[in-house]
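In UniProt numbering, the protein residues as written are 1 to 67.
Ideal Cβ positions, reconstructed from N, Cα and C, are used throughout, including at glycine.
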Amino acid sequence: MSATNADDVPAVEGRGFTPIDELIRQMGRSPMTFEQWATSAPDVFESDEELDEFLLWYRAERQRNLG
1 MSATNADDVP AVEGRGFTPI DELIRQMGRS PMTFEQWATS APDVFESDEE
51 LDEFLLWYRA ERQRNLG
């Protein structure tokens, strides 16, 4: 979403809902990509090969779900 402030973000079913990426921008930060997160947490995967395998699976799932 490309909203620049909370007033521009549409509410969801009458609830004040702001997407997480917008909340991060409001804090003066930029959202991390999934790959940045995965590589910044060294204890999550036992090896680089395991991380690479997971990232391949993740990208394939995203593409499948995006249509």
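Report task. May I have a chain-ordered list of the alpha helix (DSSP H) segments no shorter than 4 residues that lie completely inside the region 22-54? Result -> 34-40
Report task. Look up Ser2 in the DSSP assignment and say whether it is helix, strand or coil. Result -> Residue numbering aside, residue 2 sits at position 2 when the sequence shown is read from its first letter. Low confidence applies to Ser2: its pLDDT is 47, below 50, so where it sits in the model is not reliable, and the reading given next is rough at best. Looking at Ser2 - three-state DSSP - the assignment turns out to be coil, as it is neither helix nor strand.
Requested in this report: Quick one: measure Cβ to Cβ for Phe45 and Phe54, integer angstroms, because I've assumed they're closer than 8 Å.
Outcome: To locate residue 45, count along the sequence shown from 1; it is residue 45. To locate residue 54, count along the sequence shown from 1; it is residue 54. That pair is a contact at about 7 Å.
Requested in this report: Given a cut-off of 8 Å, decide if Leu51 and Ala38 are closer than it, judged by their beta-carbon atoms.
Outcome: Position 38 of the sequence shown holds residue 38. Position 51 of the sequence shown holds residue 51. It is a contact, given that the beta carbons lie within the stated cut-off.
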